[in-house]
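Peer 1: The structure follows.
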Amino acid sequence: MIIDCAVYEDGKRRPGELALEEAYEAAFAEHAFVWIGLYEPDEAEFDSVRREFNLHELAVEDAIIAHERPKLEVYDDSLFVVLKTARYIEADDSVEFGEIMLFIGPQFVVAVRHKPASALGGVRRQIESRPDLLRFGPAAVLYAILDRVVDDYQPVIDGLDEDIKEVETDVFSHEGGNPAERIYQLKREVIEFHQATAPLTEPLDRLAQGLVPGVHGAMGEYFRDIRDHLLRVVETVSGFRELLTSILQANLTQVALQQNEVAMRQNADMRKISAWVAIVAVPTMIAGIYGMNFEYMPELTWTFGYPLALSAMAVACIVLYRAFRRNGWL
Amino acid sequence: MIIDCAVYEDGKRRPGELALEEAYEAAFAEHAFVWIGLYEPDEAEFDSVRREFNLHELAVEDAIIAHERPKLEVYDDSLFVVLKTARYIEADDSVEFGEIMLFIGPQFVVAVRHKPASALGGVRRQIESRPDLLRFGPAAVLYAILDRVVDDYQPVIDGLDEDIKEVETDVFSHEGGNPAERIYQLKREVIEFHQATAPLTEPLDRLAQGLVPGVHGAMGEYFRDIRDHLLRVVETVSGFRELLTSILQANLTQVALQQNEVAMRQNADMRKISAWVAIVAVPTMIAGIYGMNFEYMPELTWTFGYPLALSAMAVACIVLYRAFRRNGWL
Amino acid sequence: MIIDCAVYEDGKRRPGELALEEAYEAAFAEHAFVWIGLYEPDEAEFDSVRREFNLHELAVEDAIIAHERPKLEVYDDSLFVVLKTARYIEADDSVEFGEIMLFIGPQFVVAVRHKPASALGGVRRQIESRPDLLRFGPAAVLYAILDRVVDDYQPVIDGLDEDIKEVETDVFSHEGGNPAERIYQLKREVIEFHQATAPLTEPLDRLAQGLVPGVHGAMGEYFRDIRDHLLRVVETVSGFRELLTSILQANLTQVALQQNEVAMRQNADMRKISAWVAIVAVPTMIAGIYGMNFEYMPELTWTFGYPLALSAMAVACIVLYRAFRRNGWL
Amino acid sequence: MIIDCAVYEDGKRRPGELALEEAYEAAFAEHAFVWIGLYEPDEAEFDSVRREFNLHELAVEDAIIAHERPKLEVYDDSLFVVLKTARYIEADDSVEFGEIMLFIGPQFVVAVRHKPASALGGVRRQIESRPDLLRFGPAAVLYAILDRVVDDYQPVIDGLDEDIKEVETDVFSHEGGNPAERIYQLKREVIEFHQATAPLTEPLDRLAQGLVPGVHGAMGEYFRDIRDHLLRVVETVSGFRELLTSILQANLTQVALQQNEVAMRQNADMRKISAWVAIVAVPTMIAGIYGMNFEYMPELTWTFGYPLALSAMAVACIVLYRAFRRNGWL
Amino acid sequence: MIIDCAVYEDGKRRPGELALEEAYEAAFAEHAFVWIGLYEPDEAEFDSVRREFNLHELAVEDAIIAHERPKLEVYDDSLFVVLKTARYIEADDSVEFGEIMLFIGPQFVVAVRHKPASALGGVRRQIESRPDLLRFGPAAVLYAILDRVVDDYQPVIDGLDEDIKEVETDVFSHEGGNPAERIYQLKREVIEFHQATAPLTEPLDRLAQGLVPGVHGAMGEYFRDIRDHLLRVVETVSGFRELLTSILQANLTQVALQQNEVAMRQNADMRKISAWVAIVAVPTMIAGIYGMNFEYMPELTWTFGYPLALSAMAVACIVLYRAFRRNGWL
């Protein structure tokens with residue numbers, strides 16, 4: 341689907357709607373370039389674009405299949421750029437990745453967006469308000485899109501940071517949860533995010549140093565700024581990785597601790613019950629003795645035999661109770 | 341065993357079957373080269389090829405013994421390339437590695453395939469449909485084979501990814517399994533896969549930058565494309581390694597957790613049984629007391645002595661039962 | 341807010357207070373430069389400065405938003421430097437980070453300080469006492485500020501070292517604490533501190549090697565000295581990371597050990613109680629036997645039946661007691 | 341001890357035994373070089389050699405003390421090479437390291453072998469059968485010895501691989517062993533092996549690229565071949581390190597698992613015994629009740645009192661037994 | 341404190357004691373240099389030296405404060421070198437670090453030693469016996485001191501190796517110790533030792549390659565020798581780090597194992613005691629039954645009632661005993 345198609349002359353957008361064929365022609369005017377935005381184009385649409393701008397077969401193949409790693413390829417006089425967009429989904433604390441492919445020639449930009457990648461309409465409006473940059477031609481569009489994509493990594497960093505803090509609270513609270521699965525899922529996301537962002541540093545280095553043909557040297561400072569933001573993202577993500585490894589380890593300690601606390605309480609209960617059983621066993625034994633049927637048991641005939649026996653029982657129980665108490669068993 | 345042997349002239353295959361000797365001659369025609377496919381060749385077959393194309397003794401030795409690491413060696417005017425093929429075996433979730441050795445000269449390609457490596461017939465047909473590439477000579481064949489070998493890594497990545505997801509499910513399900521062995525075996529496979537793929541990046545870098553003699557500079561873009569795919573594979577594999585380390589750790593936590601849950605349930609059972617024994621011990625003691633044979637036990641002669649004793653027992657039991665209940669022991 | 345604004349001529353501060361506009365003019369005198377200190381400037385103040393010295397829009401944007409990584413950017417004839425200050429807060433054993441941004445041109449220094457960063461008044465007085473350095477112009481101010489910022493990392497290192505030693509004592513004392521959370525928080529701080537300091541090495545390398553335009557080569561030695569101090573900080577921090585990983589592991593061992601000691605003591609208690617119950621059960625059984633009502637029980641009629649029975653009970657108890665004692669159960 | 345001493349002329353060994361002094365002379369003939377093999381030489385023997393060939397004092401010192409790391413040093417017109425040999429001792433699954441030092445000049449090779457290093461007689465015979473290589477002079481001997489030393493690493497790799505597989509079997513079998521010590525000892529050996537092999541890559545790189553003076557460029561391919569074999573060894577060893585770390589972790593899980601299984605079985609036993617005690621306690625209590633001596637206990641006079649009491653006991657036992665059974669306690 | 345102060349001319353020490361002022365003069369003679377050894381100099385002493393040789397203020401500052409990382413700085417025509425000495429203290433198995441600072445100019449060496457660093461008198465005597473080296477001037481002194489400092493690392497390596505072996509024995513012995521704290525302290529020392537030694541490799545590389553001004557190229561071989569020894573130290577230390585990480589993990593396994601063995605023995609005891617209680621409970625119940633007072637209990641009147649009851653009890657006990665025995669409970 342063609343989203344937008346416009347010709348830029350001397351840093352300004354030529355007004356009015358534009359058919360694809362008109363755009364092709366316009367792209368050959370001096371000081372002009374055309375920016376075509378495609379969204380999951382079908383074969384036919386893409387084929388027309390491909391033939392018009394003579395895009396390299398390998399780049400085209402990559403653009404259709406997607407699932408590439410971020411990269412910047414130079415083909416003779418045109419560039420092929422693959423970008424990974426990232427979005428933090430609040431609903432399920434997950435990160436969603438999209439892809440934007442750019443074909444950049446001396447007088448054209450073809451931007452191919454794949455499904456979850458966010459629309460570039462905002463980027464277009466933003467860069468259209470900067471004729472000073474647009475005068476640099478297609479490279480200005482590359483700058484604008486890169487800037488947006490990298491800026492959009494920040495909310496993901498914030499979301500992951502929030503998640504890690506939640507997980508920390510879980511781990512160190514005394515409510516006995518086990519966030520091992522969540523920690524692991526975060527680690528997975530962080531690794532994926534790293535793979536989506538880190539390979540972009542190398543192309544940005546080349547852009548910042550003005551080593552990419554067709555990109556005006558004066559734009560180097562702009563790309564350097566993006567690279568710094570990207571480096572911040574990459575360093576933060578690498579810090580996340582190390583933190584998550586530590587928290588997985590800390591969680592093991594905490595889980596062990598919490599469970600052992602439960603076990604100890606159970607053991608203390610058992611000790612208490614057993615201690616009571618032991619106390620009751622003593623009067624039972626004494627009663628058993630005076631329940632024997634020997635003919636000659638002098639105590640049985642004493643007037644105070646019964647009260648004495650009861651007293652003996654009571655004394656035994658009290659002594660035991662105190663002893664157990666002293667040991668901390670009751 | 342000779343699999344296929346063909347001469348290519350000006351990007352097209354010369355029709356008809358070809359004996360090895362004819363191929364040797366043909367290889368000296370202008371704008372022509374011969375592609376000989378061998379499958380675990382015996383000494384005699386290989387010796388003829390070796391002498392004809394003057395292959396380097398060290399390369400030949402490596403090709404026969406196999407078990408080399410992936411590499412690209414330049415010998416004067418010829419190349420020796422070692423590739424590791426990988427195939428995911430669905431049946432037992434394992435990865436099988438094969439080897440392909442290529443001897444590439446100005447006018448010949450000798451491809452030696454070792455056992456589990458998949459056949460190159462498909463590659464041959466594919467590249468034969470691209471006369472524009474075949475015109476670059478033997479380097480086009482190198483491209484075609486490299487492209488296939490690296491593309492074939494993707495299903496292995498998919499299979500390993502699938503396995504890791506299964507293992508995750510195992511670890512975090514509450515069914516009490518212990519997939520430690522499987523995690524470890526995956527780690528082993530991932531390390532082996534890394535060793536089979538990562539060393540290939542360096543030769544591909546050299547090919548992409550046009551630093552390999554005998555490879556036309558215009559092919560650089562094609563090798564760059566393969567290198568990007570390979571880098572994606574290597575990065576994913578390195579992510580797998582880190583994930584598997586984390587999951588081994590998480591598994592320890594989960595195993596500890598699940599087992600402690602069992603232990604706690606057992607402890608709770610013990611506590612319950614002991615509590616009942618404790619309850620029963622009290623009426624037993626009371627009964628023991630009134631079973632004593634003292635002559636002077638006034639209660640024994642009371643009309644309501646027996647019912648009172650029974651009531652005392654019942655009350656004691658009820659009181660204990662309630663107390664234990666309150667403590668959560670019953 | 342404008343903190344201080346002074347003109348330096350031939351290494352000396354021109355006396356008297358100075359309005360911003362006067363400073364602008366003064367900055368164009370020969371052998372003179374102006375140093376303007378801003379503290380969280382509002383838009384208006386900053387805008388005047390920006391226009392006067394023609395600061396680059398990207399640098400200005402970064403300076404207002406803050407939260408940048410440490411860096412040194414070269415824009416035509418001016419530098420933009422971002423520094424992270426760090427302060428150890430004794431009260432809650434935490435580390436607080438601030439930011440200082442410097443815009444350095446041939447004849448001006450604009451220092452923008454963000455909130456928790458400490459005041460630069462002391463730095464100003466210190467460098468003013470070194471006219472030999474001030475003669476190098478704005479680079480001397482850069483040196484003075486960098487020197488202070490890096491020197492201020494040392495108390496943080498000391499504080500963290502102290503914390504780690506406290507945590508070690510906690511882990512290996514036998515008081516049964518679990519400093520897992522504190523270890524983790526230290527790890528977090530150490531990672532943050534690393535991210536604030538390590539990226540500064542690269543700019544300092546460039547300064548030390550005299551690769552930064554506008555910085556006199558003779559100042560290289562001074563920047564080299566700062567770089568060495570920074571490297572010491574970075575290496576110590578990296579040692580802290582490894583130590584904290586080890587101590588988290590050691591803590592798991594210690595926690596396991598301490599808890600198992602508790603569990604073993606509980607188990608030993610249970611064994612003791614059960615052993616006593618077992619001892620008491622034996623006379624109870626004997627008493628039960630002689631409490632049976634059989635008509636023909638010869639022992640019951642013996643004169644010494646009762647004492648014999650009591651003796652049997654006593655002997656059984658003593659034998660059992662000794663046996664249990666021997667086994668270490670009592 | 342002098343093991344062998346021979347002069348090689350034009351790629352062939354001059355026949356006959358040779359005294360050391362004759363060898364010295366012979367070494368100055370054109371197209372000739374002498375190869376002296378020493379085995380733990382005493383001071384006197386070595387001193388003669390040292391003076392004759394003017395060996396560097398530092399190299400000589402290193403050669404006598406041994407315990408050096410693998411290296412290749414260039415001294416003016418001679419080389420000093422230190423190699424670590426490794427041998428797998430089947431008897432106790434250990435790895436034994438030896439040392440070979442080579443002094444290589446334009447017309448001499450002095451090979452000093454330290455104790456556990458294997459004899460070089462085989463290498464001598466092998467290279468003597470290759471006059472084409474021997475013509476390159478002493479560098480051919482360097483090649484031959486390096487080739488042998490690196491080839492000899494392979495059996496060590498195989499032995500360690502075998503050991504690791506045995507340890508895996510131990511860890512994941514259900515026989516309850518704890519191979520922690522063996523895993524650790526393997527790790528120790530693997531680290532030592534890495535230290536013996538990895539530093540050799542750098543000298544081999546230099547040899548392969550023809551950067552070592554006195555080594556003919558045409559030999560580069562031969563050294564490149566050795567380097568590839570060495571890289572394979574180093575990569576495999578590094579894989580072993582990671583595997584052993586994982587298996588130590590997996591072992592902890594397995595040990596925990598196996599022991600908890602034992603503990604659970606013990607707990608289940610306790611529960612069973614306690615349940616039986618609880619069952620027996622109930623008829624004991626009933627019997628106790630009807631053993632009381634109250635004058636007015638109507639049941640005692642019933643004709644069917646006794647059978648009813650017995651039935652009550654039996655019923656209580658059966659009910660309890662069923663309940664416990666249902667709970668899985670019996 | 342001035343330890344020693346001597347002038348060296350043409351490789352030989354000028355005889356006799358020398359006051360500082362004389363030394364200054366002597367240092368300007370041709371082919372002569374002065375070597376001044378200071379031990380924790382006070383301000384005044386140092387100030388005289390500083391002014392005489394025109395030492396750089398930053399170097400002087402570092403030399404007084406100490407606590408620098410090892411480094412070699414080039415200031416115009418002089419060098420400033422910081423070395424960390426290490427000594428293994430047998431008494432408490434700890435490592436003690438000292439510092440030596442060297443100021444090296446074309447005609448002077450000033451060696452500043454800080455407290456725990458060992459005296460350099462031996463180094464002085466050693467190098468004085470090598471006029472061939474001393475002729476190279478102050479660089480020879482640098483060589484001699486570096487050689488000694490690096491040689492002195494070896495006993496530390498040996499001591500740490502010994503400690504690690506002791507800890508291994510502790511971990512894998514079956515005496516139930518927990519060397520976690522000692523392992524951790526070793527890790528700490530090893531990290532500190534690494535920080536004291538590893539940064540020295542870079543200066544030694546520069547010295548070995550002859551890239552340091554004022555050091556004669558012919559001395560490169562000597563510094564290369566030291567660098568190799570240092571690399572050996574650094575590699576061994578890095579092996580220690582990995583070993584200690586593994587042993588901490590192995591210790592966790594062993595501690596868990598040993599404690600569980602204790603717990604299992606306790607559990608087995610409990611099971612045994614409970615089993616005996618269960619056995620005794622059965623005759624107690626039988627006795628209870630025949631102790632009931634029912635009027636119609638035919639067994640009571642049987643002549644053999646009593647012996648039969650006793651037999652029933654005995655049989656019950658024997659049967660239970662055998663069953664428990666069979667289950668392994670007794």
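Residue numbers (this note's numbering), protein chains in the order written: chain A, 341 to 670; chain B, 341 to 670; chain C, 341 to 670; chain D, 341 to 670; chain E, 341 to 670.
Virtual Cβ for every residue (Gly too), placed ideally from N, Cα, C.
1) Can you grab the Cα-Cα spacing for the pair F373 of chain D / L482 of chain D, in whole Å?
2) Within 10 angstroms of the Cβ of R666 of chain B, are there 16 or more other Cβ atoms? Answer buried if so, exposed if not.
3) On the DSSP bridge assignment, give the partners of S434 of chain A in chain order.
4) Give the secondary structure of W616 of chain D by DSSP, where H, G and I count as helix, E and B as strand, and everything else as coil.
5) Rounded to whole angstroms, what's the CA-CA distance from V452 of chain B to L378 of chain B? Just pull it up for me.
6) Under DSSP, the alpha helix (DSSP H) around S412 of chain A begins and ends at which residues?
7) Per DSSP, which residues does R353 of chain C bridge with? Please list them.
8) Identify, in the order they occur along the chain, each residue of the same chain with its Cβ nearer than 8 Å to the Cβ of T585 of chain D, setting aside the five sequence neighbours on each side.
9) Kindly indicate which three-state DSSP category Y379 of chain C falls into: helix, strand or coil?
10) Cα separation between Q599 of chain B and D491 of chain C?
11) Among B:L544, B:N633, B:A654 and B:D382, which residue has its Cα nearest to the Cα of F683 of chain A?
12) For a contact defined as C-beta to C-beta under 7 Å, what are the partners of Q594 of chain E on chain D?
13) For the beta strand (DSSP E) that F533 of chain B lies in, which residues bound it at each end?
14) Once you ignore the five residues that flank R390 of chain E on each side, which residues in its own chain have a CB closer than 8 Å to its CB?
15) Taking Cβ positions only, does D545 of chain E come closer than 8 Å to chain C?
16) Taking contact to mean at least 3 C-beta pairs separated by less than 8 Å, is the segment 449-464 of chain D in contact with the segment 527-546 of chain D?
17) Restricting to Cα atoms, I'd like to know which of B:M637, B:E582, B:L650 and B:P519 is closest to A627 of chain B.
18) How long is the line joining the alpha carbons of E439 of chain B and D402 of chain B, rounded to whole angstroms?
19) In chain D, what lies closer than 7 Å to E413 of chain B by C-beta?
20) Just mark S418 of chain A as buried or exposed, buried being the case when its beta carbon has 16 or more other beta carbons within 10 Å.
21) Hey, could you find the ends of the beta strand (DSSP E) A656 of chain A is sitting in?
22) Any Cβ of chain C within less than 8 Å of the Cβ of W616 of chain E?
23) In the DSSP assignment, find the alpha helix (DSSP H) that holds A451 of chain C and state where it starts and stops.
24) Which first and last residues belong to the alpha helix (DSSP H) in which R465 of chain B is found?
25) Looking at the unbroken alpha helix (DSSP H) that takes in Q494 of chain A, where does it start and where does it end?
26) Can you check whether the CB of L395 of chain C is closer than 8 Å to the CB of V421 of chain C?
27) Quick one: does R391 of chain A have its CB under 8 Å from some CB of chain B?
28) Can you list, in chain order, the residues of its chain with a C-beta nearer than 6 Å to that of D344 of chain B? Leave out the 5 residues immediately preceding and following it.
Peer 2: With the structure as the only source:
1) Distance from the CA atom of F373 of chain D to the CA atom of L482 of chain D, rounded to whole angstroms, is 13 Å.
2) Of the other Cβ atoms in all chains shown, fewer than 16 fall within 10 Å of the Cβ of R666 of chain B; this residue is therefore exposed.
3) Paired residue(s): A:I429.
4) DSSP, read as helix, strand or coil, puts W616 of chain D in helix.
5) Straight-line Cα distance between these residues: approximately 5 Å.
6) Ser is not the amino acid found at residue 412 of chain A; the sequence shown has Leu there. According to the DSSP assignment, L412 of chain A belongs to no alpha helix (DSSP H) but to the beta strand (DSSP E) extending over K411 to Y415.
7) Looking at the DSSP assignment, R353 of chain C forms a beta bridge with C:Y348.
8) If we look at T585 of chain D and ignore the five residues flanking it on each side, its Cβ neighbours are K527.
9) Secondary structure at Y379 of chain C: strand, using DSSP grouped into helix, strand and coil.
10) Answer to the nearest angstrom: the Cα atoms are 52 Å apart.
11) Beyond the ends of chain A as shown, which are 341 and 670, falls residue 683 of chain A; an answer cannot be given.
12) In chain order: A520.
13) F533 of chain B -> not in any beta strand (DSSP E); alpha helix (DSSP H) instead, spanning A520 to T537.
14) For R390 of chain E, where only same-chain residues beyond five positions count, the Cβ hits under 8 Å are V400.
15) By the rule that beta-carbons nearer than 8 Å mark a contact, D545 of chain E does not touch chain C.
16) These segments do not touch.
17) Nearest of B:M637, B:E582, B:L650 and B:P519 to A627 of chain B, Cα basis: B:L650.
18) Whole-angstrom Cα-Cα distance: 11 Å.
19) The answer, in chain order, is R564.
20) Around the beta carbon of S418 of chain A, 16 or more other beta carbons sit within 10 angstroms, so the residue counts as buried.
21) A656 of chain A -> not in any beta strand (DSSP E); alpha helix (DSSP H) instead, spanning G645 to R666.
22) Yes, its Cβ sits closer than 8 Å to a Cβ of chain C.
23) Counting along the chain, A451 of chain C falls outside any alpha helix (DSSP H), though it belongs to the beta strand (DSSP E) covering F448 to R453.
24) Run containing R465 of chain B: G461 to E468, per the alpha helix (DSSP H) assignment.
25) Here the alpha helix (DSSP H) through Q494 of chain A covers Y493 to F512.
26) It is not a contact, given that the beta carbons lie outside the stated cut-off.
27) No, R391 of chain A does not count as interfacial toward chain B.
28) These residues qualify, in order along the chain: G377.
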